[in-house]
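Under the numbering used here, residues 36 to 321 are what the sequence shown spells out, in order. Note that beta-carbon positions come from the ideal geometry of N, C-alpha and C, so glycine has one too. The structure under discussion appears below in the form of structure tokens.
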Amino acid sequence: MSRVTIEEYGKYETAWCPGCGNFNILSSLKKALVMCDLKPHEVQMVSGIGQAAKTPYYLNVNHFDGLHGRGIPAALAMRISNPNLKVIYESGDGCTYGEGGNHFLACLRRNPDITLFVHDNMVYGLTKGQSSPTSGHGFVTKAQPAGNPSNPFNPVALAVLMGANFVARAYSGKPDQLANIMAEAIKHKGLSLVDILQPCVTFNKINTYQWFNERCSELPADYDPYNRETALKTAMEFGDTIPIGIIFKADNPTFEDNFSALEKGPLCAQPLNKENLGNVFKEYIA
Ligand SMILES: Cc1ncc(C[n+]2csc(CCOP(=O)(O)OP(=O)(O)O)c2C)c(N)n1
């Protein structure tokens, strides 16, 4: 019997457009948190700026809203400060792979035990429709009337290559599968990335529900996520068919396992040396 009910995560009015993929992502997240038997006070969410980044506003959880693209370092700091909290970062493709691209890369290299849920609508929604790092080549926007000249970034392939411990691609149009993947991602030790494909009904008229429905196809039942070579090939498939599911899993050591400052326990439980702290501040006061 679960210690928690979905009602404990609350119900709020949102600022999203009717039909937005964010609604299913929010309800799947609530289901996943219940599946993981997590109480709201045990969850620490971190986001950035954007429509996707508003998701934690609509949940009863601890929440820190970082600057645009700057949520991941805050999530890592929270994780190493207090391992009793389940740290979940949630934001958009622009925030995570564009403005936050460098932090995303550093996080992949470190493999900390945090979960990244990225709403990938292949466009900048909040700022009204500029191309994002995952927008297709040639994607026409008001800012790029001749079409996006850049090639799309593939976060899933990169995460497999860099050795995140859990990598998945999901689709907001399949909410039950999404909830299961989110729960698995939260439970898996090490860095988990779930890139969640999501239509933006207002600013992306190319990658629509129909477009995704025609392409998204579930991985076969006998798919082995522990095979990195197959995982990389699967992650690179993004065309007429887009494989959906848990693409890669590993059980490699995490950042926390190798971070010497944690040898004496979590930072929040270590005594504060006021003299050392005073000396640090003195350097800035002069
Ligand atoms: C450093 C910085 N650059 C740009 C902006 C403007 N800005 C705010 S949200 C946003 C785009 C958000 O897109 P995405 O992260 O994909 O989320 P969505 O709104 O599509 O869910 C931009 C460019 C900002 N606030 N800060």
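Original post:
Who does Asp230 pair with in a DSSP beta bridge?
Top reply: Start at 1 with the first residue of the sequence shown, and residue 230 comes out as number 195. Answer is Val153, Arg204, bridged to Asp230.
Subject >> Local conformation of Lys74 per DSSP, three classes >> reply: Locating residue 74 in the sequence shown gives position 39, counting from the first residue. Lys74 falls in the coil class under three-state DSSP.
**OP:** Give the single residue among Asn308, Gly280, Asp148 whose Cα lies nearest to the Cα of Asn119.
**Re:** Position 84 of the sequence shown holds residue 119. Answer by Cα proximity: Asp148.
Original post:
According to the neighbour-count rule (16 or more other Cβ atoms, all chains shown, within 10 Å of its Cβ), is Gln79 buried or exposed?
Top reply: Here residue 79 is taken as the residue at index 44 of the sequence shown, counted from 1. With 16 or more other Cβ atoms within 10 Å, it is buried.
Original post:
Of the choices Lys240, Gly280, Pro288, Asn146, whose alpha-carbon is the least far from that of Cys251?
Top reply: Counting from one through the sequence shown, the residue named residue 251 turns up at place 216. Checked all of Lys240, Gly280, Pro288, Asn146; the closest Cα to Cys251 is Gly280.
Subject >> Cα-Cα separation, Thr169 to Lys317 >> reply: Stepping through the sequence shown from its first residue, residue 169 is reached at position 134. Stepping through the sequence shown from its first residue, residue 317 is reached at position 282. A direct Cα-Cα distance of roughly 45 Å separates Thr169 from Lys317.
Subject >> Residue interval of the alpha helix (DSSP H) (run including Gly106) >> reply: Locating residue 106 in the sequence shown gives position 71, where the first residue counts as 1. Note, Gly106: alpha helix (DSSP H), 106–116.
Original post:
Is the closest heavy atom of ligand 1 to the C-beta of Thr276 under 7 Å?
Top reply: One-based indexing of the sequence shown puts residue 276 at position 241. Thr276 has its CB no nearer than 7 Å to any heavy atom of ligand 1.
**OP:** Mind checking which residues open and close the beta strand (DSSP E) that includes Pro278?
**Re:** In the sequence shown, the residue the question calls residue 278 occupies position 243. Judged by DSSP secondary structure, Pro278 falls within the beta strand (DSSP E) whose first and last residues are 277–284.
Original post:
Do Ala194 and Leu254 have their CB atoms nearer than 8 Å?
Top reply: Numbered from its first residue, the sequence shown carries residue 194 at position 159. Numbered from its first residue, the sequence shown carries residue 254 at position 219. No, the Cβ-Cβ distance between Ala194 and Leu254 is not below 8 Å.
Subject >> Counted within 10 angstroms of its Cβ, other Cβ atoms place Tyr47 as buried (16 or more) or exposed >> reply: Numbered from 1 along the sequence shown, position 12 holds the residue referred to as residue 47. So Tyr47 ends up on the exposed side.
**OP:** Just the C-alpha distance for Pro108 and Leu68, rounded to the nearest angstrom, thanks.
**Re:** Looking up residue 108 in the sequence shown gives position 73. Looking up residue 68 in the sequence shown gives position 33. Here the alpha carbon of Pro108 sits roughly 23 Å from the alpha carbon of Leu68.
Subject >> Outcome for Val81 when other beta-carbon atoms lying within 10 angstroms are tallied against a minimum of 16 >> reply: In the sequence shown, the residue the question calls residue 81 occupies position 46. Classification for Val81: buried.
**OP:** Check whether the Cβ of Glu134 lies closer than 7 Å to any heavy atom of ligand 3, and answer yes or no.
**Re:** For ligand 3, the structure offers nothing, since it holds only ligand 1.
Subject >> Segment limits, alpha helix (DSSP H) that includes Asn314 >> reply: Along the sequence shown, read from residue 1 onward, the residue named residue 314 stands at position 279. Unbroken alpha helix (DSSP H) run through Asn314: 309–320.
Original post:
Sorted by chain position, which residues of the same chain lie with C-beta nearer than 6 Å to Leu228's C-beta, five sequence neighbours on each side aside?
Top reply: If you number the sequence shown from 1, residue 228 lands on position 193. Excluding positions up to five away in sequence, the list reads Leu151, Ala194, Ala199, Val202.
Subject >> Asn156 CB to nearest heavy atom of ligand 1 below 7 Å >> reply: As a working note, residue 156 is residue 121 in the sequence shown. Yes, ligand 1 has a heavy atom inside 7 Å of this Cβ.
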